[in-house]
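Chemist:
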Amino acid sequence: MLDIFSQAIGGIGIFFAGMYLLSENLKKLTGRRFRAAVAAWTRSIPAGLFWGFAAGAVMQSTSAITFIVVSMLGSGLLTVGSGLAIIIGCNVGSTLLVVIATLNIHLFVLAMLGLAGISFASERLAPARTILLATFGIGLVFLGLQILQTAAEPLAHEPWVRDMLSGAGTSYLLILAIGAALSFITQSSNSITLLAITLATAGVISFEQCVMAIYGANVGSSALTYVLSAGLRGRKRQVAMYQVAFNFVAMAVMVPLFYLEVYGGVPMVIALVRALSDVPSLQLAYVHVVFNLGGALVLIPLLEPSARLLGRLYPPPAEESDAQPAYIYEQALNEPETALDLVSLEQQRLTGYLPRFLAIARDRPTDGATAIARTREVVDGLGGVVDDFLDRLGEAHLSHSAYERLNLALNVQRLLEGLAETLADLSRIVLESEAHVTTGQLTDSVVEGLDAVLMVVVEALGPDGAEDRVLLRRMSGDRGGLMRRLREQYLASDAALAASDKMTILTLTNLTERASWLIHRLADALPDVDADGLPETLGAPAQ
Numbered sequence: 000m001l002d003i004f005s006q007a008i009g010g011i012g013i014f015f016a017g018m019y020l021l022s023e024n025l026k027k028l029t030g031r032r033f034r035a036a037v038a039a040w041t042r043s044i045p046a047g048l049f050w051g052f053a054a055g056a057v058m059q060s061t062s063a064i065t066f067i068v069v070s071m072l073g074s075g076l077l078t079v080g081s082g083l084a085i086i087i088g089c090n091v092g093s094t095l096l097v098v099i100a101t102l103n104i105h106l107f108v109l110a111m112l113g114l115a116g117i118s119f120a121s122e123r124l125a126p127a128r129t130i131l132l133a134t135f136g137i138g139l140v141f142l143g144l145q146i147l148q149t150a151a152e153p154l155a156h157e158p159w160v161r162d163m164l165s166g167a168g169t170s171y172l173l174i175l176a177i178g179a180a181l182s183f184i185t186q187s188s189n190s191i192t193l194l195a196i197t198l199a200t201a202g203v204i205s206f207e208q209c210v211m212a213i214y215g216a217n218v219g220s221s222a223l224t225y226v227l228s229a230g231l232r233g234r235k236r237q238v239a240m241y242q243v244a245f246n247f248v249a250m251a252v253m254v255p256l257f258y259l260e261v262y263g264g265v266p267m268v269i270a271l272v273r274a275l276s277d278v279p280s281l282q283l284a285y286v287h288v289v290f291n292l293g294g295a296l297v298l299i300p301l302l303e304p305s306a307r308l309l310g311r312l313y314p315p316p317a318e319e320s321d322a323q324p325a326y327i328y329e330q331a332l333n334e335p336e337t338a339l340d341l342v343s344l345e346q347q348r349l350t351g352y353l354p355r356f357l358a359i360a361r362d363r364p365t366d367g368a369t370a371i372a373r374t375r376e377v378v379d380g381l382g383g384v385v386d387d388f389l390d391r392l393g394e395a396h397l398s399h400s401a402y403e404r405l406n407l408a409l410n411v412q413r414l415l416e417g418l419a420e421t422l423a424d425l426s427r428i429v430l431e432s433e434a435h436v437t438t439g440q441l442t443d444s445v446v447e448g449l450d451a452v453l454m455v456v457v458e459a460l461g462p463d464g465a466e467d468r469v470l471l472r473r474m475s476g477d478r479g480g481l482m483r484r485l486r487e488q489y490l491a492s493d494a495a496l497a498a499s500d501k502m503t504i505l506t507l508t509n510l511t512e513r514a515s516w517l518i519h520r521l522a523d524a525l526p527d528v529d530a531d532g533l534p535e536t537l538g539a540p541a542q
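FYI, in numbering that gives the first Met the number 0 the residues of the sequence shown are 0 to 542.
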């Protein structure tokens with residue numbers, strides 16, 4: 000049992016390591032061309048179903064495919080609707096393992112890991128490093144699940160497992176529950192399905208009992224996805240729970256049909272599979288296919304209602320909604336001048352999220368690290384959308400004044416990204432530092448000062464912010480001398496300061512100086528007043 004436990008823990012660890020590599024590197028593959036390619040591949044429901052089927056047939060793991068879809072969804076490469084279509088397709092495709100029992104992807108996974116790992120030694124492949132790391136992450140995901148399955152696989156061959164199946168008697172619901180429980184324990188519906196087929200072929204259980212055991216094995220396989228998705232929220236949770244619900248929906252359809260056929264004499268699934276083959280084992284393999292195909296046929300017409308229902312059951316958290324654009328949209332690219340106006344509004348909205356970092360530093364909540372990470376997700380997510388929009392706008396034919404405005408928007412975006420990173424570092428340093436009177440006073444001064452300036456920055460980026468831009472230039476002058484004096488003052492004020500406290504003071508003042516410099520650069524980048532002394536709007540080009 001110790002070996003099984005150690006392998007299971009190792010498999011789970013490798014799984015999450017692979018998910019981290021996959022998620023982090025997929026986030027980097029959000030350029031326009033890659034995003035357009037993925038969108039094109041999954042644009043329609045049939046395309047999503049096809050790619051899901053292909054992935055399920057090759058990879059033979061609905062759990063792994065589900066979390067790959069979750070990662071791509073979090074990276075903005077997929078929509079919820081496309082993700083749901085892929086989930087349906089992969090459930091049908093994964094049934095081929097039972098039909099073609101010789102299929103073994105272990106060598107494929109090892110080859111994937113080996114080729115991706117070896118490629119890291121080649122400098123020529125450096126430009127493709129992100130894709131290779133994502134591929135390596137996929138390999139780790141499958142390897143982790145395989146190790147977890149291998150650890151639990153011996154349980155499927157234990158005598159008590161066979162006794163449970165053969166001791167179920169004529170109770171079909173009991174054998175359904177046993178199949179689900181064994182699938183949950185072994186984390187493999189295919190292994191329990193193959194075991195049940197073997198027992199039925201050997202005469203240990205009846206054909207009908209085996210059908211119900213197969214149904215139960217499919218339902219029990221959802222448990223792994225449910226457990227691994229416990230920490231997901233919003234749209235990611237919606238896709239994961241759709242995979243969980245898939246087998247329950249299929250069961251709700253197939254079990255009544257089973258009873259109608261067995262007790263009512265109406266030809267249904269059993270009659271169908273017996274018409275397809277004379278070999279009992281192959282007939283039962285077809286039952287596994289029909290179960291998943293039946294669920295797919297029910298859910299495909301209900302994709303849109305399902306997406307709406309999941310949206311109500313697992314609504315996106317505030318930060319996920321905040322990361323979605325409120326002003327820019329695809330069609331706006333056809334009107335560059337209007338698009339640039341919308342970019343200005345989106346950048347103003349993005350800037351409005353930056354004070355959240357300072358609020359975390361001020362309040363020092365117990366979940367501060369999580370709050371910082373979530374705020375970074377919002378800022379990085381919305382910033383990535385704006386970046387992509389500006390890149391696409393730059394490919395259009397623009398007037399001279401529009402190019403000037405585009406250049407301004409690009410400069411503002413770079414400065415906002417640097418400011419967000421600096422404020423995140425500042426709030427993290429505050430959380431990690433020990434509470435001390437002197438450092439606490441410095442933190443309060445820094446946070447309140449930056450917070451006041453950021454309020455002006457938000458207004459200065461607005462269409463009516465010309466006067467605020469003048470004020471911002473005055474507030475954000477050279478702060479280097481001030482920060483040096485402040486640093487010296489706090490370091491000399493308390494001789495009892497520990498070395499760690501002094502280091503905190505140095506880091507805080509350095510980060511504050513960097514933030515002030517970025518704000519000053521931002522103020523200088525914004526449009527000036529015109530020759531008549533009348534302030535220009537940010538949305539209009541300088542004359």
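Built from N, CA and C at the ideal position, the CB exists for glycine as well.
Looking only at its chain, what residues have a beta carbon closer than 6 Å to the beta carbon of N410, apart from the 5 residues adjacent to it on each side?
Modeler: Here the set comprises A524.
Chemist: What do you reckon, are the CB atoms on T421 and L507 nearer than 9 Å?
Modeler: No. Outside cutoff.
Chemist: Which residue wins for smallest C-alpha separation from A401, given the options G383, D366, E334?
Modeler: For A401, the nearest C-alpha among the options comes from E334.
Chemist: In three-state DSSP terms, what is T553?
Modeler: In the structure as shown, the chain starts at 0 and stops at 542, and residue 553 therefore has no counterpart that could be examined.
Chemist: Which residue wins for smallest C-alpha separation from L283, given the options A465, I8, T200, F119?
Modeler: When each option's Cα is compared against that of L283, the closest is T200.
Chemist: Which residues bound the alpha helix (DSSP H) around P605?
Modeler: Examination of residue 605 is not possible in this model, given that the chain is present from 0 through 542 alone.
Chemist: Could you check what DSSP says for A54 in three-state terms: helix, strand or coil?
Modeler: Helix.
Chemist: Please classify R311 as buried or exposed, where buried requires at least 16 neighbouring CB atoms within 10 angstroms.
Modeler: R311 should be labelled exposed.
Chemist: Return helix, strand or coil for R473, following the three-state DSSP convention.
Modeler: In this structure, R473 counts as helix in the three-state DSSP scheme.
Chemist: Touching or not, the region 332-351 and the region 287-303, by the rule of three or more beta carbon pairs under 8 Å?
Modeler: Result no; under three Cβ-Cβ pairs closer than 8 Å.
Chemist: If I'm right that V268 touches E260 with Cβ under 8 Å, what's the distance once you round it to whole angstroms?
Modeler: Right, their Cβ atoms sit about 7 Å apart.
Chemist: Can you give the Cα-Cα distance for A360 and A451, rounded to whole angstroms?
Modeler: Roughly 15 Å between the two C-alpha positions.
Chemist: Tell me whether T101 sits in a helix, a strand or coil according to DSSP, three-state version.
Modeler: Note that T101 has pLDDT 35, beneath the 50 cutoff, so the model's placement of it is unreliable and no number is given.
Chemist: Measuring CB to CB, does L124 end up less than 9 Å from S118?
Modeler: Yes, the Cβ-Cβ distance between L124 and S118 is below 9 Å.
Chemist: Does the count of Cβ pairs from the region 413-431 and the region 510-518 closer than 8 Å reach three?
Modeler: With a cut-off of 8 Å, the region 510-518 and the region 413-431 count as touching, because enough Cβ pairs lie within range.
Chemist: Return the Cβ separation of G233 and P315 in integer angstroms, given the expectation that the two are a contact with Cβ distance under 8 Å.
Modeler: Right, their Cβ atoms sit about 4 Å apart.
Chemist: Once DSSP output is grouped into helix, strand and coil, what is the label at Y171?
Modeler: Helix at Y171.
Chemist: Taking T369 as part of the alpha helix (DSSP H), name the residues at either end of that continuous run.
Modeler: Run containing T369: 367-393, per the alpha helix (DSSP H) assignment.
Chemist: Given a cut-off of 9 Å, decide if P304 and F206 are closer than it, judged by their beta-carbon atoms.
Modeler: The answer is no: Cβ separation not under 9 Å.
Chemist: Relative to the C-alpha of V469, which residue among P526, L114, P462 is closest?
Modeler: If we check each option's Cα against that of V469, P526 comes out closest.
Chemist: Excluding the 5 residues preceding and the 5 following I85 in the sequence, name in chain order all residues of the same chain whose CB lies nearer than 8 Å to its CB.
Modeler: Taken in chain order, the residues that qualify are T41, G47, L48, W50, G51, A54, I64, V68, L77.
Chemist: Helix or strand or just coil, what does DSSP make of R232?
Modeler: In this structure, R232 counts as coil in the three-state DSSP scheme.
Chemist: Out of L271, R307, P158, point me to the one whose CA is closest to L194's CA.
Modeler: Of the listed residues, the one whose Cα sits closest to L194 is P158.
Chemist: Counting C-beta neighbours from all protein chains within 10 Å, is the total for H287 16 or more, i.e. buried, or is it exposed?
Modeler: By the neighbour-count rule (16 or more Cβ atoms within 10 Å), H287 is buried.
Chemist: Would Q242 and S62 be called neighbours here (beta carbons separated by less than 9 Å)?
Modeler: For Q242 and S62, yes; Cβs fall inside 9 Å.
Chemist: Would you mind giving the Cβ-Cβ distance between V238 and G82, rounded to the nearest angstrom? I have them listed as a contact below 8 Å.
Modeler: V238 to G82, Cβ: 4 Å. Contact.
Chemist: Determine the direct distance from the alpha carbon of V79 to that of T369, and round the result to whole angstroms.
Modeler: Their Cα atoms are separated by approximately 25 Å.
Chemist: Can the beta-carbon of P324 be found less than 9 Å from the beta-carbon of V385?
Modeler: Yes, Cβ-Cβ distance for P324 and V385 is below 9 Å.
Chemist: Restricting to Cα atoms, I'd like to know which of L227, G215, S276, P266 is closest to F247.
Modeler: Out of L227, G215, S276, P266, G215 has the C-alpha closest to the C-alpha of F247.
Chemist: Under 9 Å between the Cβ atoms of S475 and S515?
Modeler: For S475 and S515, yes; Cβs fall inside 9 Å.
Chemist: By Cβ distance below 7 Å, which residues in the same chain neighbour F388 in space, the five residues on each side in sequence not counted?
Modeler: Excluding positions up to five away in sequence, the list reads I327, V342.
Chemist: CB M240 to CB L131, shorter than 9 Å?
Modeler: Against a cut-off of 9 Å, the Cβ pair of L131 and M240 comes out as no contact.
Chemist: Assuming the contact rule is C-beta atoms closer than 8 Å, G382 and Q412 should be a hit. Round their C-beta distance to whole Å, please.
Modeler: So it is a contact: roughly 7 Å between Cβ atoms.
Chemist: Measure the C-alpha to C-alpha separation of S221 and A322 and round it to an integer number of angstroms.
Modeler: Those two C-alpha atoms are separated by around 30 Å.
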